[in-house]
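Step one of this worksheet: look at the structure below.
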Amino acid sequence: MTITNGLTLKLSLGDVDGDGDLDAAVSQDAGFTKLLLNDGTGTFTLGQDLNDGINSNWSPEFGDFDNDGDLDLLLSKSSAQPNTLWLNDGNGNFTDSGQRLGSSATLGIGIGDLDGDGDLDFISANYNTDNQVWLNENVSLPYTQDFENDTWQGLVINKPQNFSIIDDGGNNKFQTDNSGLTGLSTAVLDSALMLPSTFEMSVEMTAVSGPDRWLDGFLIFDYQSPTDFKYAGMFNGQNQWVIGHYQGNFNDKVINNSLIINNDTPYTAHVRIEGSTVYLAVDGEFVLERTFSGPLNDGQAGIASYNAVTCFDNFEIGVEVDKGAPTDFPYMEDFTDGIADQIGYYGGNRWGISPVSGNNKLFFNGGNNFGLGVAFLENEFRLPNKFEFSATMASYSAAGFWNDGFLVFDYNGPNDFKYAGMFTGQDEWIIGHYQGNWGNRIATASRELYTNIEYTLHLKVDGDHVKLFVDGLPVVEGTFTNGIGEGKVGVAGYNSRTGFDNIVLDTTVDQGSPGLLPYSNNFDTQDAPGIYYYNKLAWGFSGSTNKYLRANTSYLTNPTRQLATAYFPLEQTTAPSDIEITAKVASKNGASSEHNGYVIFDYKHEFDFKYAGFDANTNQWVIGHYQGDWNDVRAMIDWDDTSRTINVNQWYSLNVTLTGTSVSLSVDGEFITSYDFGTALNQGGIGLALYKAFTWFDDFNISELVVPLAPSAFPLFENWDTEADELLI
Amino acid sequence: MNDGSGTFTDSGQALGNDQGRLVKLGDIDGDGDLDALTSNGSSTNTIRVWLNNGLAVFTDSGQTINIDGSNHRGLALGDLDGDGDLDLFATTYGDNDAVFLNDGSGTFHFIRR
Numbered sequence: 001m002t003i004t005n006g007l008t009l010k011l012s013l014g015d016v017d018g019d020g021d022l023d024a025a026v027s028q029d030a031g032f033t034k035l036l037l038n039d040g041t042g043t044f045t046l047g048q049d050l051n052d053g054i055n056s057n058w059s060p061e062f063g064d065f066d067n068d069g070d071l072d073l074l075l076s077k078s079s080a081q082p083n084t085l086w087l088n089d090g091n092g093n094f095t096d097s098g099q100r101l102g103s104s105a106t107l108g109i110g111i112g113d114l115d116g117d118g119d120l121d122f123i124s125a126n127y128n129t130d131n132q133v134w135l136n137e138n139v140s141l142p143y144t145q146d147f148e149n150d151t152w153q154g155l156v157i158n159k160p161q162n163f164s165i166i167d168d169g170g171n172n173k174f175q176t177d178n179s180g181l182t183g184l185s186t187a188v189l190d191s192a193l194m195l196p197s198t199f200e201m202s203v204e205m206t207a208v209s210g211p212d213r214w215l216d217g218f219l220i221f222d223y224q225s226p227t228d229f230k231y232a233g234m235f236n237g238q239n240q241w242v243i244g245h246y247q248g249n250f251n252d253k254v255i256n257n258s259l260i261i262n263n264d265t266p267y268t269a270h271v272r273i274e275g276s277t278v279y280l281a282v283d284g285e286f287v288l289e290r291t292f293s294g295p296l297n298d299g300q301a302g303i304a305s306y307n308a309v310t311c312f313d314n315f316e317i318g319v320e321v322d323k324g325a326p327t328d329f330p331y332m333e334d335f336t337d338g339i340a341d342q343i344g345y346y347g348g349n350r351w352g353i354s355p356v357s358g359n360n361k362l363f364f365n366g367g368n369n370f371g372l373g374v375a376f377l378e379n380e381f382r383l384p385n386k387f388e389f390s391a392t393m394a395s396y397s398a399a400g401f402w403n404d405g406f407l408v409f410d411y412n413g414p415n416d417f418k419y420a421g422m423f424t425g426q427d428e429w430i431i432g433h434y435q436g437n438w439g440n441r442i443a444t445a446s447r448e449l450y451t452n453i454e455y456t457l458h459l460k461v462d463g464d465h466v467k468l469f470v471d472g473l474p475v476v477e478g479t480f481t482n483g484i485g486e487g488k489v490g491v492a493g494y495n496s497r498t499g500f501d502n503i504v505l506d507t508t509v510d511q512g513s514p515g516l517l518p519y520s521n522n523f524d525t526q527d528a529p530g531i532y533y534y535n536k537l538a539w540g541f542s543g544s545t546n547k548y549l550r551a552n553t554s555y556l557t558n559p560t561r562q563l564a565t566a567y568f569p570l571e572q573t574t575a576p577s578d579i580e581i582t583a584k585v586a587s588k589n590g591a592s593s594e595h596n597g598y599v600i601f602d603y604k605h606e607f608d609f610k611y612a613g614f615d616a617n618t619n620q621w622v623i624g625h626y627q628g629d630w631n632d633v634r635a636m637i638d639w640d641d642t643s644r645t646i647n648v649n650q651w652y653s654l655n656v657t658l659t660g661t662s663v664s665l666s667v668d669g670e671f672i673t674s675y676d677f678g679t680a681l682n683q684g685g686i687g688l689a690l691y692k693a694f695t696w697f698d699d700f701n702i703s704e705l706v707v708p709l710a711p712s713a714f715p716l717f718e719n720w721d722t723e724a725d726e727l728l729i
Numbered sequence: 001m002n003d004g005s006g007t008f009t010d011s012g013q014a015l016g017n018d019q020g021r022l023v024k025l026g027d028i029d030g031d032g033d034l035d036a037l038t039s040n041g042s043s044t045n046t047i048r049v050w051l052n053n054g055l056a057v058f059t060d061s062g063q064t065i066n067i068d069g070s071n072h073r074g075l076a077l078g079d080l081d082g083d084g085d086l087d088l089f090a091t092t093y094g095d096n097d098a099v100f101l102n103d104g105s106g107t108f109h110f111i112r113r
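So the sequence lines, in the order shown, correspond to chains A and B. With the working numbering, the residue at position 596 of the first sequence is 596, and numbering never jumps. With the working numbering, the residue at position 43 of the second sequence is 43, and numbering never jumps.
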């Protein structure tokens with residue numbers, strides 16, 4: 001059986017077409033490697049000629065190099081020519097990958113997973129040059145590397161002997177040591193993929209001081225060779241932040257030398273590349289930009305150090321990298337000066353600033369079915385992927401107006417933006433995507449909503465997920481499957497008269513966000529930051545020397561206004577399961593005959609909360625679940641039974657402890673009653689309430705309940721001398 | 001992170017430059033990764049042992065395995081003495097072949113030829 005002739009050198013066997021028999025690849029010195037296909041009986045027919053234009057073939061080596069389940073072929077060459085890789089489509093049809101690996105005669109190939117990442121790498125034994133280690137990697141974006149796994153996987157380094165992972169107080173860093181003026185060290189992303197035309201990089205870098213070295217560190221990009229790449233970074237000794245083109249030297253650069261750069265101090269450098277322009281920011285502040293003559297995504301990107309000992313950490317490359325990026329944060333506008341800074345408008349003639357009770361607000365007037373109005377932040381820098389955004393808003397009732405108000409984000413124009421806000425008339429909180437209409441909604445929550453009442457909206461944006469908090473409590477959340485893009489943020493109304501105030505944009509925003517324990521307030525400053533209200537107009541501060549918080553709904557006839565609550569919204573993910581609440585409560589004589597006061601907890605909204613407190617009229621201490629009425633009483637102690645009286649005008653010190661699902665009420669140090677609700681009680685707000693009454697509250701404290709360790713029931717040895725001696729006998 | 005797409009990059013490491021002929025991979029020091037042995041041509045005629053740190057960073061173990069200047073060419077790794085580590089059988093061009101036993105640490109000791 002003559003299949004091939006000529007200068008055949010080596011062969012390998014493997015099932016290339018998945019038919020269960022062994023096929024062959026044979027190399028030819030003066031020709032190309034050929035495939036021989038087995039019909040299952042040992043009869044071979046000539047298959048594909050692997051013509052890569054290099055005819056000094058030495059050895060064909062099979063391996064599944066692209067992890068697709070079939071055998072690919074690595075062809076080594078016996079002359080000073082590159083090795084080539086051919087990829088199998090699974091049916092035995094091979095395609096030249098186009099890669100040319102090396103340039104010398106390779107007489108031996110060793111294939112295996114050398115770096116432990118699950119794919120096949122190889123070492124080439126080269127006859128006339130260095131043996132080489134070839135790594136099979138193709139890192140995709142976004143790439144992040146914190147070096148905590150003691151690796152720099154995904155990065156290709158030019159001087160392995162110079163790089164190491166160091167432990168900096170429990171935090172791993174990636175250090176290159178070029179002391180002794182040993183030149184350039186680079187670590188570039190190990191990817192053959194073309195970077196996008198717009199991408200960002202961030203790294204924390206520290207130039208380590210010491211003898212016989214420079215002090216520098218760089219992000220590099222458009223890396224073509226060790227003598228041709230672009231860089232953005234620091235020369236500490238000259239206090240220079242620079243962007244330049246390295247061509248064997250650092251002469252070609254633009255400089256910002258207005259900042260002090262300290263040695264042994266980490267700086268987070270952030271580079272944004274847009275086409276041929278580079279923007280450098282340091283620790284979130286823009287410092288320098290430069291436009292080169294051509295695109296900058298053609299070469300590799302990474303980090304570098306020259307003649308220096310430089311530590312790197314938290315290296316990231318992606319289309320967007322938030323860490324270290326410049327922002328317009330914090331943005332805060334309360335319209336006090338009558339000017340809306342950095343605000344642009346859609347429907348501009350319907351926007352204006354005017355006072356309400358002496359407090360300036362930004363108003364949208366959408367009367368006469370004007371339609372949409374948007375006031376948006378003219379941000380200089382792109383928004384990060386994660387941010388928080390808050391504003392207060394009230395929709396005002398008037399004939400012919402709708403009642404609504406929205407936080408707007410990813411605003412790309414009046415027919416394309418996302419929103420989170422209120423349709424007051426429909427009693428709905430909604431998150432959606434406006435595309436000329438309000439129909440595309442991703443989340444809705446029904447709540448009783450009120451006109452002329454100011455709500456504090458707080459939006460947490462994290463990637464494509466948004467969560468809306470209203471007055472500190474989560475209301476509605478959802479994920480935009482089509483993503484949240486680069487659009488602007490702002491506020492909006494539609495056919496409405498809506499007033500906006502206190503617009504805040506930052507990485508984290510306290511306004512409207514739930515809070516962390518402990519909380520403590522004696523109200524002496526007549527202020528209660530972190531506290532939100534239902535029926536806010538009923539609440540106030542009083543007292544001469546000792547100030548207290550009070551509410552009076554005793555004179556109100558509208559049932560929905562007879563309830564008043566004040567609460568501290570608990571941050572749910574960190575709320576302890578066991579919580580101690582203390583407050584002083586006194587019922588006063590008001591316009592009605594009602595006398596009550598409650599500590600409330602697990603507060604979801606004004607129609608769903610639990611309570612522990614007193615009703616002086618019935619002379620009862622109660623624990624219950626309010627759901628629009630006070631009928632669902634779970635535990636009750638009637639002081640009539642013990643001939644005691646809950647007095648009006650008397651301060652009672654209430655102590656309410658939540659332990660998991662149970663609540664316990666004590667008054668003036670005396671245990672009253674307890675109840676197990678069977679559900680966790682730490683997932684809502686904690687506060688104070690009254691109903692159709694006039695009540696004072698003071699010294700309100702919420703903290704994690706810390707139960708001291710119980711003392712041992714019996715000392716180990718009550719009489720050490722005798723008992724210990726007995727044990728020792 | 002790694003899609004193993006078959007895209008290769010030169011790690012930049014030079015594992016000797018003395019007429020490389022053959023490379024064999026195996027975990028010779030028992031640390032769970034693949035180390036490398038290279039045989040080399042007439043300039044040195046030595047077999048060299050490269051130890052992997054697990055991240056494909058290789059360091060020269062310092063061993064230059066050779067018997068009396070022989071021209072070792074073919075390499076095979078296998079547990080020849082049943083002690084659980086990989087030993088070395090080296091063919092020799094123009095002389096007797098040689099066996100080197102691994103002491104478990106990746107250090108090879110000449111036994112016989």
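Positions of the beta carbon are idealized from the N, C-alpha and C atoms, including for glycine. Owing to the predicted nature of the structure, the values given are computational and were not obtained by experimental measurement.
Across the segment 12 to 33 of chain B, CB contacts with chain A closer than 7 Å involve 12, 13, 14, 15, 16, 17, 19, 20, 21, 22, 23, 24, 25, 33, in sequence order along the chain. Straight through space, the alpha carbons of residue 680/A and residue 320/A are spaced by roughly 39 Å. The Cβ atoms of residue 364/A and residue 205/A lie no closer than 7 Å to each other. The criterion of a C-beta distance shorter than 7 Å is satisfied by residue 29/A and residue 9/A. Rounded to the nearest angstrom, the gap between the Cα atoms of residue 209/A and residue 314/A is 21 Å.
Annotated three-state conformation of residue 488/A is strand, per DSSP.
Assigned with DSSP and collapsed to three states, residue 230/A falls in strand. Taking a Cβ-Cβ cut-off of 9 Å, the neighbours of residue 38/B in chain A comprise 108, 110, 123, 125, 131, given in sequence order. Chain-ordered, the chain B residues with CB closer than 8 Å to the CB of residue 113/A read 34. Within chain A, 132, 134 have C-beta atoms less than 7 Å from the C-beta of residue 10/B, given in sequence order.
Against chain B, the beta carbon of residue 146/A has no neighbour under 8 Å; the closest one sits roughly 12 Å away. Annotation: residue 374/A to residue 446/A spans about 24 Å, alpha carbon to alpha carbon. Residue 427/A and residue 448/A do touch by the CB rule: their CB atoms are close to 6 Å apart, below 8 Å. With a cutoff of 7 Å on beta-carbon distance, residue 41/B and residue 19/B are scored as near each other.
Taking a C-beta cut-off of 7 Å against chain A, the contacting residues of the segment 52 to 63 of chain B are 52, 54, 55, 56, 57, 58, listed in chain order. DSSP, read as helix, strand or coil, puts residue 60/A in strand. Exposure of residue 671/A is indicated by the presence of fewer than 16 other C-beta atoms within 10 angstroms of its C-beta.
Of all alpha-carbon atoms in 58/B, 92/B, 95/B, 85/B, the one lying nearest the alpha-carbon of residue 135/A is that of 58/B. In this structure, the CA atom of residue 340/A is about 29 Å from the CA atom of residue 535/A.
Of the candidates 385/A, 432/A, 41/A, 501/A, the residue whose Cα lies closest to the Cα of residue 362/A is 501/A.
Residue 569/A counts as buried, since at least 16 other C-beta atoms from the protein chains shown sit within 10 angstroms of its C-beta. Contact annotation: residue 308/A and residue 219/A have beta-carbon atoms that are not nearer than 7 Å.
Contact between the segment 646 to 657 of chain A and the segment 615 to 624 of chain A is present: 3 or more CB-CB pairs across the two stretches fall below 8 Å.
Take the alpha-carbon of residue 412/A and the one of residue 240/A: they are about 38 Å apart. Contact annotation: the segment 173 to 190 of chain A does not touch the segment 348 to 359 of chain A, with fewer than three C-beta pairs closer than 8 Å. Residue 64/A and residue 87/A have their C-alpha atoms spaced approximately 9 Å apart.
Within the segment 79 to 107 of chain A, the residues whose Cβ lies closer than 7 Å to any Cβ of chain B are, in chain order, 85, 87, 97, 99, 101, 107. Contact between residue 35/B and residue 22/B does not hold, since the beta-carbon distance rounds to 15 Å and is not under 8 Å.
Cα atoms of residue 80/A and residue 189/A: separation of roughly 28 Å, rounded to the nearest angstrom. Residues of chain B whose Cβ lies closer than 7 Å to the Cβ of residue 65/A are, in chain order, 6.
In the three-state scheme derived from DSSP, where H, G and I count as helix and E and B as strand, residue 398/A is classed as coil.
Here the alpha carbon of residue 409/A sits roughly 36 Å from the alpha carbon of residue 579/A. Pairwise C-beta distances place the segment 629 to 640 of chain A in contact with the segment 663 to 677 of chain A, as three or more of them are shorter than 8 Å.
Neighbourhood of residue 41/B in chain A, by CB distance below 7 Å: 127, in chain order. Around the Cβ of residue 563/A, a 10 Å sphere holds 16 or more other Cβ atoms; the residue is buried. Per DSSP, the beta-bridge partners of residue 355/A are 360/A.
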